[in-house]
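Numbering (full-length UniProt numbering), first residue to last: 1 to 191.
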């Protein structure tokens with residue numbers, strides 16, 4: 001798997017790339033160590049650097065955070081995003097058979113990891129904090145990638161892929177909201 005080519009192809013030609021991904025013999029170590037953690041780390045580092053250079057917005061002012069706190073924040077974000085990927089993959093793995101798909105944890109990881117690519121690319125824009133909105137917008141494109149990839153990677157029946165995406169999204173948003181509330185006191189920049 002060529003990292004840069006994979007990023008380019010999953011973003012710009014996903015219909016052609018999903019069958020390639022489906023046929024590849026990738027391990028969890030490949031998915032996380034040679035792909036996801038690189039993008040998560042780069043995105044987290046860009047956001048921390050952006051906060052270091054431009055500060056943390058507080059009303060009409062920016063509050064500069066000390067470097068060690070920002071390093072802690074970046075590491076915290078890497079850990080949380082990695083855990084979220086695994087949790088999302090578990091949910092997708094569990095729900096897939098209910099929509100005519102295969103119960104395959106590795107395939108669920110492939111779908112979740114590669115469809116997360118646009119959000120991580122948007123996170124790179126966090127180096128200039130006002131552009132962080134694009135992380136969310138790019139993340140919406142990731143939902144479209146998930147929609148395209150579900151029938152290929154998990155064999156979700158094509159007529160159920162929209163409902164599958166919607167159910168996965170609702171379940172994961174609820175889980176991530178609760179987890180976010182539970183983790184908030186441990187976040188390095190929690191005041």
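The beta carbon of each residue, even a glycine, is placed where N, CA and C say it ideally should be.
Query raised in the report: In terms of residue numbering, what span does the alpha helix (DSSP H) encompassing residue 41 cover?
Result: 37–54
Query raised in the report: Quick one: is residue 8 buried, meaning 16 or more other Cβ sit within 10 Å of its Cβ, or exposed?
Result: exposed
Report task. Starting from residue 93, follow the alpha helix (DSSP H) in both directions and report where the run begins and ends. Result -> 67–95
Query raised in the report: Can you give the Cα-Cα distance for residue 27 and residue 53, rounded to whole angstroms?
Result: 38 angstroms
Query raised in the report: Looking at C-alpha atoms only, which residue of 17, 102, 119 is the closest neighbour of residue 36?
Result: 119
Query - Where residue 26 falls: helix, strand or coil (DSSP) - result: In the structure shown, residue 26 sits in coil (DSSP, three-state: anything other than H, G, I, E or B).
Query raised in the report: Between residue 180 and residue 80, what straight-line distance do the alpha-carbon atoms span, to the nearest angstrom?
Result: 9 angstroms
Query raised in the report: At least one CB of chain B closer than 7 angstroms to the CB of residue 165: is that the case?
Result: Of the protein chains in the structure, only one exists, and it is not chain B.
Query raised in the report: For the alpha helix (DSSP H) that residue 185 lies in, which residues bound it at each end?
Result: The continuous stretches of alpha helix (DSSP H) do not include residue 185, and DSSP gives it neither H nor E.
Query raised in the report: Going by the CB atoms, is the gap between residue 41 and residue 128 shorter than 7 angstroms?
Result: In this structure, residue 41 does not lie closer than 7 angstroms to residue 128 by Cβ.
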